[in-house]
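Student:
Number of protein chains: 2
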Amino acid sequence: MNKIYNPKRADWKDVLKRPTQTVADIERLVNGIFEEVRSNGDGTLKKYTEQFDKVVLENMLVSEAEIEAAKSLVSNDLKEAIKLAKSNIEVFHNAQKTDRVEVETAAGVTCWQEKRPIQKVGLYIPGGTAPLFSTILMLAVPATIAGCKEIVLCSPPDKEGKLNPAILYAANLCGVTKIVKVGGIQAIAGMTFGTETIPQVYKIFGPGNQYVTVAKQIATKYGVAIDMPAGPSELLVVADDSANAAFVASDLLSQAEHGVDSQVILVSTSKSMIDAVEKEVAQQLEELPRKEIAKQAIANSKLIYVENDQEALDLINEYGPEHYIVCVENEDFYIENTYNAGSVFIGNYTPESAGDYASGTNHTLPTNGYAKQYSGVNLDSFLKSMTFQKINEQGIQNIGKAIELMAEAEGLQAHKNAVTLRLNSLK
Amino acid sequence: MNKIYNPKRADWKDVLKRPTQTVADIERLVNGIFEEVRSNGDGTLKKYTEQFDKVVLENMLVSEAEIEAAKSLVSNDLKEAIKLAKSNIEVFHNAQKTDRVEVETAAGVTCWQEKRPIQKVGLYIPGGTAPLFSTILMLAVPATIAGCKEIVLCSPPDKEGKLNPAILYAANLCGVTKIVKVGGIQAIAGMTFGTETIPQVYKIFGPGNQYVTVAKQIATKYGVAIDMPAGPSELLVVADDSANAAFVASDLLSQAEHGVDSQVILVSTSKSMIDAVEKEVAQQLEELPRKEIAKQAIANSKLIYVENDQEALDLINEYGPEHYIVCVENEDFYIENTYNAGSVFIGNYTPESAGDYASGTNHTLPTNGYAKQYSGVNLDSFLKSMTFQKINEQGIQNIGKAIELMAEAEGLQAHKNAVTLRLNSLK
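If you read the sequences in order, they're chains A and B.
Going by my numbering, the residue at position 316 of the first sequence is 798; the numbering climbs one at a time, nothing skipped.
Going by my numbering, the residue at position 369 of the second sequence is 851; the numbering climbs one at a time, nothing skipped.
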């Protein structure tokens with residue numbers, strides 16, 4: 483691990499630098515597959531499923547029978563855990579509902595704002611060794627609460643042409659309306675254009691490797707919205723002597739096991755805490771099945787000593803961490819003054835993995851410094867706000883003159899005229 | 483105008499087609515200027531200001547003296563109009579504030595969501611013949627209410643190196659912290675990377691020509707967020723025999739005068755209303771100073787007759803209009819069941835220009851069908867929501883087991899371990 487003492491502000495940019503990816507080659511591949519899917523639909527999806535996932539599928543749509551079968555393959559313990567997590571996520575996202583905002587801005591001028599669901603959304607769930615059923619909870623639960631009509635889930639099949647039972651179980655439990663066995667670039671293209679099997683959606687959510695990430699970016703060129711730009715997952719812990727070094731080390735490692743490009747940073751005003759955490763990390767690391775991955779991420783990680791809380795805070799706001807654990811005596815100072823972070827975990831008994839799975843908060847969060855301007859996924863991610871206004875005869879007489887003056891000053895005579903005609907009719 | 487009777491659903495896509503633009507050439511130009519601004523900062527900004535705006539500027543930053551001078555150049559009537567509009571916009575956007583959402587999802591597990599301001603935002607205001615000071619109100623007022631720390635405004639200077647006094651007056655009135663005389667691609671690049679004069683911002687708002695639009699898209703590649711993707715402005719009116727044909731025509735024309743590529747659509751269940759509006763449009767058009775622009779937009783416009791309200795509604799939801807005027811007897815049916823629209827104007831005395839200027843709603847709205855998945859600009863556009871959680875000893879014991887099971891099922895042992903360590907410490 484890299485220990486850095488009192489970095490100068492001028493060096494913060496370098497100290498906090500994230501790994502960058504080159505995407506030019508991937509873009510070419512993505513553009514090609516997008517064009518093919520647009521012209522050939524399902525045929526192209528199947529072709530690339532054979533090429534990338536090594537399986538020939540007759541039917542990509544998951545059937546009722548497959549869902550039923552999956553239910554019996556998931557252990558009761560895991561089912562109960564998933565239900566508990568779902569219930570907490572529901573409680574927290576239900577609480578995010580907002581009422582219609584209505585005001586009479588001037589007498590006779592009533593304006594209101596209402597949120598309405600995005601009608602069709604697509605969820606992408608990666609395949610691979612770890613079946614990320616927890617991400618289904620994080621996306622499908624708020625989509626269902628928001629009232630999205632069509633909730634399509636795409637996930638790549640294994641070599642037997644199957645999806646992991648936990649994925650099917652969670653998707654069915656959380657209100658997904660259609661599950662399609664297709665992954666990668668071709669899945670994103672399918673949801674962008676629609677095919678015989680996949681409905682075209684208005685917004686695509688979910689994580690993925692760099693191919694999926696670039697595909698989601700390209701999808702926005704075709705009028706589809708995405709949850710947020712993606713980057714490698716990251717965790718910043720701020721800890722002083724009130725923290726537990728073993729707990730902090732376990733949190734850093736739980737981030738590090740995600741991937742070799744995961745970002746792990748400890749900021750501390752205590753040199754002894756930094757040393758203690760370093761030691762704990764080395765010990766705990768040896769026990770992990772994903773040790774090889776975690777080791778590489780840890781090698782790139784940073785332990786940063788700063789002189790005082792203000793310096794630490796400024797550094798943290800400059801970084802804008804996705805996950806942010808606060809284990810310090812003076813926790814209110816950090817909570818109140820951190821402007822740039824995705825999700826904040828406070829105190830010694832709040833591991834990041836609580837928010838990853840079951841506390842109720844969402845785990846789809848802005849990485850790569852995007853916490854400076856993006857929210858994590860929340861109920862509003864599945865809604866859009868529309869405004870309404872109704873003006874009566876009195877109302878147009880109250881604000882009509884101002885509109886006429888402003889429209890004229892902007893050189894827009896027809897805008898003025900739309901008001902003048904109405905005012906004249908009331909004379 | 484193109485009259486279309488009872489279009490078949492299969493043809494809706496064609497009937498509702500918007501004009502498309504090719505941007506490949508522009509992208510090349512934008513990428514070049516971005517690279518130059520990134521390396522050379524202010525020097526490049528000045529070079530392109532000389533090239534595109536035909537003026538050599540010593541200092542791009544607007545001074546206090548310039549702002550003071552502008553105040554005396556704006557008529558008192560216009561100042562009063564701007565203040566009235568500002569007050570209504572403030573009332574409506576203030577009402578959009580939300581409280582922190584806090585729930586104890588399980589005993590000992592407290593989760594909350596809080597919105598915090600995006601610290602640095604950039605506003606782009608186009609130059610040209612019409613000084614769009616109204617857009618400053620629409621962007622700077624909510625930015626100020628949200629609590630954004632730095633609100634930078636860029637707008638291209640005229641050949642004397644000046645900005646329109648109404649722009650300076652409105653910017654100063656609404657809390658803009660820095661006004662810079664620079665426009666076009668170079669302004670967007672400046673806000674993306676920061677230069678000696680322009681601070682780097684986290685999110686860029688505001689309209690612009692296609693160069694600015696592409697520049698904003700490219701800016702997102704460098705980690706800057708934008709308000710929304712842009713397209714030509716558009717209006718859809720649904721009207722039956724309860725509407726006033728002259729009013730409807732004036733609204734269609736106020737949209738049509740924006741540009742030759744503006745979109746204007748009338749949907750009606752009344753053939754006589756369609757004919758009456760067509761006649762009124764022809765008459766009113768002759769009186770307009772921007773007649774040549776409006777004429778071309780009107781030539782591409784559509785008057786669509788449909789048999790019944792349900793058919794009209796489905797067509798409207800398929801189109802997803804930016805501006806949407808509802809002048810029908812059965813207005814509740816349309817208001818309740820329209821899912822895809824930016825801003826809705828209801829009744830005979832609610833012209834679109836009311837919302838463009840002074841009623842209080844925002845006029846920065848999703849065009850090009852983006853109302854299906856994007857909100858118009860609102861208070862939340864300047865905030866991001868962060869989540870927080872604090873779990874105590876009891877809380878981790880309540881949800882710890884579920885986290886362990888789920889982490890293990892996803893193959894993430896270190897995630898499990900972060901919980902196990904804590905649970906063991908409490909044994």
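For glycine and all other residues, C-beta sits at the position ideal for the given N, C-alpha and C.
Nothing here was measured: the structure is a model prediction, and the numbers come from that model.
For Ile747(A), which residues does DSSP report across the bridge?
Tutor: Leu718(A), Lys784(A)
Student: Which residue comes first and which comes last in the alpha helix (DSSP H) that contains Lys561(A)?
Tutor: 558-576
Student: Measure from the C-beta of Leu903(A) to each C-beta in chain B and report whether the shortest distance is under 8 Å.
Tutor: So yes, Leu903(A) belongs to the interface.
Student: For the alpha helix (DSSP H) that Thr674(A) lies in, which residues bound it at each end?
Tutor: 666-675
Student: Along the alpha helix (DSSP H) that carries Tyr852(A), what are the first and last residues, could you check?
Tutor: Neither: Tyr852(A) is in no alpha helix (DSSP H) and is coded neither H nor E.
Student: Using a Cβ-Cβ cutoff of less than 6 Å, which residues in the same chain neighbour Ile747(A) once the five nearest sequence positions on both sides are dropped?
Tutor: Leu718, Lys784
Student: Three-state secondary structure (DSSP) at Glu769(A)?
Tutor: Coil.
Student: Which partner residues does Ser867(A) have in the DSSP bridge list?
Tutor: Lys597(A)
Student: Could you check whether the Cβ of Tyr651(A) sits closer than 8 Å to any Cβ belonging to chain B?
Tutor: no
Student: Could you tell me the boundaries of the beta strand (DSSP E) in which Lys602(B) lies?
Tutor: 602-606
Student: Would Pro833(B) count as contacting chain A if we go by Cβ distances under 8 Å?
Tutor: yes
Student: Interface residues of chain B around Pro608(A) at Cβ under 8 Å?
Tutor: Those within 8 Å of Pro608(A) in chain B number zero; the least Cβ separation is about 11 Å.
Student: So the candidates are Glu886(B), Asp862(B), Asn906(B), Pro624(B); which of them puts its Cα closest to the Cα of Arg580(B)?
Tutor: Correcting the residue identity first, residue 580(B) is Thr in this sequence and not Arg. Per the Cα distances, Asp862(B).
Student: Need the endpoints of the alpha helix (DSSP H) that Tyr816(A) sits in, please.
Tutor: Per DSSP, Tyr816(A) belongs to the alpha helix (DSSP H) from 813-819.
Student: Considering only C-alpha positions, which residue in the set Asn576(A), Asn541(A), Phe864(A), Ala588(A) is nearest to Thr587(B)?
Tutor: Asn576(A)
Student: Which whole runs of the alpha helix (DSSP H) in the segment 866-907 of chain A are 4 residues long or more, in chain order?
Tutor: 875-891, 895-907
Student: Using a Cβ-Cβ distance cut-off of 8 Å, determine whether Pro714(B) contacts chain A.
Tutor: no
Student: I want to verify the contact list: residues of chain A whose CB lies under 9 Å from the CB of Lys909(B), in sequence order.
Tutor: In chain order: nothing, as chain A lies at least about 14 Å away.
Student: Across which residues does DSSP place His805(B) in a beta bridge pair?
Tutor: Leu717(B), Ser825(B)
Student: Output, in chain order, the set of chain A residues within a Cβ distance shorter than 8 Å of Gly604(B).
Tutor: Ordered by position in chain A, no residue passes the 8 Å Cβ test against Gly604(B), which lies about 11 Å from the chain.
Student: Please state whether DSSP places Gly583(A) in a helix, a strand or coil.
Tutor: What sits at residue 583(A) in the sequence shown is Val, not Gly. Here Val583(A) sits in strand by DSSP.
Student: Taking Ala721(A) as the reference, which of Ala853(A), Gln879(A), Asn830(A), Thr846(A) has the closest Cα?
Tutor: Asn830(A)
Student: Quick one: what does DSSP say Tyr684(A) is sitting in, helix, strand or coil?
Tutor: coil
Student: Comparing the C-beta of Gly514(B) with each C-beta of chain A, is any distance below 8 Å?
Tutor: It does not; no Cβ of chain A falls within 8 Å.
Student: Mind checking if Leu735(A) is an interface residue toward chain B, Cβ cutoff 8 Å exclusive?
Tutor: yes
Student: How should Val538(A) be labelled, buried or exposed, when 16 other C-beta atoms within 10 angstroms of its C-beta is the threshold for buried?
Tutor: exposed
Student: If the criterion is Cβ atoms closer than 8 Å, does the pair Lys883(A) and Glu890(A) meet it?
Tutor: no
Student: Leaving out the 5 sequence neighbours to the left and right, which residues in its chain are closer than 7 Å to Gly842(B) when beta-carbon positions are compared?
Tutor: Asn570, Ile571, Val573, Phe574
Student: Name the one or two DSSP bridge partners that Lys485(A) has.
Tutor: Leu785(A)
Student: Using a cut-off of 9 Å between C-beta atoms, extract the partners of Asn844(A) located in chain B.
Tutor: By Cβ distance, chain B contributes Thr869.
Student: If you measure from the beta carbon of Ser744(A) to each beta carbon in chain B, is any gap under 8 Å?
Tutor: no
Student: Answer yes or no: do Glu886(B) and Ala612(A) have a C-beta to C-beta separation smaller than 8 Å?
Tutor: no
Student: Kindly indicate the opening and closing residues of the alpha helix (DSSP H) around Leu555(A).
Tutor: 546-555
Student: Taking Cβ positions only, does Tyr684(B) come closer than 8 Å to chain A?
Tutor: yes
Student: Below 8 Å on the Cβ atoms is my contact criterion, and I expect Val519(A) with Ala671(A) to pass it. Report the Cβ-Cβ distance as a whole number of Å.
Tutor: 4 Å
Student: So, are the CB atoms of Lys866(B) and Gln855(A) less than 8 Å apart?
Tutor: yes
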